[in-house]
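Chemist: Structure incoming, see below.
Number of protein chains: 2
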Amino acid sequence: MLKRTYDNQVCSIAGALELVGERWSLLILRDVFLGIHRFDDLQRGLGVARNILRDRLNLLVGAGVLERRAYQQRPERFEYVLTQKGRDLWPVLHSLMAWGDKHAQPPAGAPTLVEHRGCGGHVDGERRCEKCGAFVISVDEVTARPGPGAVPGHPLLRAAATR
Amino acid sequence: MLKRTYDNQVCSIAGALELVGERWSLLILRDVFLGIHRFDDLQRGLGVARNILRDRLNLLVGAGVLERRAYQQRPERFEYVLTQKGRDLWPVLHSLMAWGDKHAQPPAGAPTLVEHRGCGGHVDGERRCEKCGAFVISVDEVTARPGPGAVPGHPLLRAAATR
Chain A
379 MLKRTYDNQV
389 CSIAGALELV
399 GERWSLLILR
409 DVFLGIHRFD
419 DLQRGLGVAR
429 NILRDRLNLL
439 VGAGVLERRA
449 YQQRPERFEY
459 VLTQKGRDLW
469 PVLHSLMAWG
479 DKHAQPPAGA
489 PTLVEHRGCG
499 GHVDGERRCE
509 KCGAFVISVD
519 EVTARPGPGA
529 VPGHPLLRAA
539 ATR
Chain B
379 MLKRTYDNQV
389 CSIAGALELV
399 GERWSLLILR
409 DVFLGIHRFD
419 DLQRGLGVAR
429 NILRDRLNLL
439 VGAGVLERRA
449 YQQRPERFEY
459 VLTQKGRDLW
469 PVLHSLMAWG
479 DKHAQPPAGA
489 PTLVEHRGCG
499 GHVDGERRCE
509 KCGAFVISVD
519 EVTARPGPGA
529 VPGHPLLRAA
539 ATR
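Residue numbers (our numbering), protein chains in the order written: chain A, 379 to 541; chain B, 379 to 541.
Shown next as structure tokens:
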């Protein structure tokens, strides 16, 4: 049996997966993108064990994808915000969502819709605005809205409730 | 502690991750996209245990992402090809690669370059052709080429060697 000839040092996909290629990491990032920033809110929404969430958050902070900021002293409480490196992951999450909308969609329809900021057009699975035709490059150009398939636990609705 | 309120049934990202959200699955798909189709070639290139590879391939076939085809009898041997559902995952892999090229790139540069088929232009991290300006929607519009950071074990070079 030959040894692995093409390892993580020389593949950008493997390099990316090394940092974010874990189910919880991407679900945590989904929630942060949708406006959930605090440990307890993330924990309740995801239903993940606290120690696993703590591990994954530390990993994402260590990788420079999230930044940890204190929002309260005594007791000290932290929130997690995306760095630019983290914001650059939006196309990964959008393409996963678009694929899921097409191939693993809940019966009620897309849980989340992406709206072209300013223009108001719907951004399709290929990141093209259906109204103005522009291709969307960055998360800064869009707003997420609950879609027809959104249910009460949807991160956008949870995020609204914590504001 | 509240129960998880937003589970895999109602999130397209979670739904997608349910099917492909596992490190090996995405690395297997990377290799298949780059032209490696046979069990033994996948196994040698990835350095993954045979039982894990078998599990993941069965999962991807069961999910309708890959199709298994016999290419030899006695002993029977199979190769794995992408279905349309699998080919639709290309934007996920491309955006992971683009993010890795930017944030986790090997020192020698991008291991893989994406070329606009016909036009010959380089497709950038946003899936835009730098020559003609078109946005690339589908994997059918592109060809992958070894980049400056490609090393001998690169899947494209391995794929060429098995042809």
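Note that beta-carbon positions come from the ideal geometry of N, C-alpha and C, so glycine has one too.
#1: Along chain A, in chain order, which residues have C-beta atoms closer than 9 Å to that of B/Pro484?
#2: Going by other Cβ atoms of all chains shown within 10 Å of its Cβ, with 16 needed for buried, is A/Tyr458 buried or exposed?
#3: Could you check the C-alpha separation between B/Glu504 and A/Arg447 for me, to the nearest Å?
#4: Shorter than 9 Å from the beta carbon of B/Val459 to some beta carbon of chain A?
#5: Which residues in the same chain have their Cβ closer than 7 Å to the Cβ of B/Cys507, if we skip the five residues on either side of it in sequence?
#6: The stretch 401-432 of chain B: which residues have C-beta closer than 7 Å to a C-beta of chain A, in chain order?
#7: Establish whether the CB of A/His532 and some CB of chain B are separated by less than 9 Å.
#8: Below 8 Å CB to CB, which residues in the same chain sit around B/Leu471 once its five sequence neighbours on both sides are set aside?
#9: Among the candidates A/Ala476, A/Arg452, A/Phe456, whose CA atom is the shortest distance from the CA of A/Glu445?
#10: Can B/Leu491 and B/Ala522 be called in contact, C-beta distance under 9 Å?
#11: Going by alpha carbons, who is nearest to A/Ala441 out of A/Glu454, A/Gly393, A/Leu420, A/Asn429?
#12: Between A/Leu397 and chain B, is there a C-beta pair that is closer than 9 Å?
#13: Using CA coordinates, which residue listed in A/Glu454, A/Phe417, A/Gly425 is at the minimum distance from A/Asn436?
#14: Applying the 10 Å Cβ sphere with the 16-neighbour rule, what's the burial state of B/Gln421?
#15: How big is the Cα-Cα spacing for A/Met379 and B/Trp468?
#16: Under 7 Å between beta-carbons, which chain A residues line up against B/Gly496? List them in chain order, please.
#17: Based on Cα-Cα distance, which residue from B/Gly413, B/Val398, B/Val529, B/Ser516 lies nearest to B/Arg465?
#18: DSSP three-state call for B/Arg455: helix, strand or coil?
#19: Against chain B, does A/Met379 count as a neighbour if the rule is that its beta carbon must be under 9 Å from one of theirs?
#20: Could you pull the start and end residues of the beta strand (DSSP E) that A/His532 belongs to?
Modeler: The answer reads as follows:
#1: The residue labelled residue 484 of chain B in the question sits at position 106 within the second sequence. In chain order: Gln387, Val388, Cys389, Ser390, Gly393.
#2: What you label residue 458 of chain A is simply residue 80 of the first sequence in a count that begins at 1. Buried is the call here.
#3: Residue 504 of chain B sits at position 126 when you count from the first residue of the second sequence. Residue 447 of chain A sits at position 69 when you count from the first residue of the first sequence. Distance between the alpha carbons of B/Glu504 and A/Arg447 is about 30 Å.
#4: The residue you call residue 459 of chain B lines up with position 81 of the second sequence. It does not; no Cβ of chain A falls within 9 Å.
#5: One-based indexing of the second sequence puts residue 507 of chain B at position 129. If we look at B/Cys507 and ignore the five residues flanking it on each side, its Cβ neighbours are His494, Cys497, Gly499, Val501, Val514.
#6: Arg401, Leu404, Leu405, Arg408, Arg422, Gly423, Leu424, Gly425
#7: Within the first sequence, numbered from 1, the residue matching residue 532 of chain A stands at position 154. Interface residue, yes.
#8: Locating residue 471 of chain B in the second sequence gives position 93, where the first residue counts as 1. Correct list, in chain order: Leu404, Leu407, Arg408, Phe411.
#9: Sequence index remark: in the first sequence, residue 445 of chain A carries index 67 (1-based). That would be A/Phe456, whose Cα lies nearest to the Cα of A/Glu445.
#10: If you number the second sequence from 1, residue 491 of chain B lands on position 113. If you number the second sequence from 1, residue 522 of chain B lands on position 144. In this structure, B/Ala522 lies closer than 9 Å to B/Leu491 by Cβ.
#11: For the purposes of this step, residue 441 of chain A is taken as the residue at position 63 of the first sequence. Among A/Glu454, A/Gly393, A/Leu420, A/Asn429, the Cα nearest to that of A/Ala441 belongs to A/Gly393.
#12: Here residue 397 of chain A refers to the residue found at position 19 of the first sequence. Taking Cβ atoms only, chain B reaches closer than 9 Å to A/Leu397, which makes this a yes.
#13: Residue 436 of chain A sits at position 58 when you count from the first residue of the first sequence. Comparing Cα-Cα distances from A/Asn436 to each of A/Glu454, A/Phe417, A/Gly425, the minimum goes to A/Phe417.
#14: Against the second sequence, residue 421 of chain B aligns to sequence position 43. B/Gln421 is buried by the Cβ-count criterion.
#15: Translated into the one-based positions of the first sequence, residue 379 of chain A becomes position 1. Translated into the one-based positions of the second sequence, residue 468 of chain B becomes position 90. Model confidence at A/Met379 stands at a pLDDT of 35, short of 50, so the residue's coordinates are unreliable and nothing is read from them.
#16: Residue mapping note: residue 496 of chain B aligns to position 118 of the second sequence, counting from 1. Near B/Gly496 there are no residues of chain A at all, since even the closest Cβ is about 19 Å away, more than 7 Å.
#17: Taking the first residue of the second sequence as 1, we reach residue 465 of chain B at position 87. Relative to the Cα of B/Arg465, the nearest Cα in the group B/Gly413, B/Val398, B/Val529, B/Ser516 belongs to B/Ser516.
#18: If you number the second sequence from 1, residue 455 of chain B lands on position 77. Strand.
#19: What you label residue 379 of chain A is simply residue 1 of the first sequence in a count that begins at 1. Here the model assigns A/Met379 a pLDDT of 35, short of 50, so the residue's position is not dependable and the matter cannot be decided.
#20: For the purposes of this step, residue 532 of chain A is identified with residue 154 of the first sequence, where counting begins at 1. Judged by DSSP secondary structure, A/His532 falls outside any beta strand (DSSP E); it is assigned neither H nor E.
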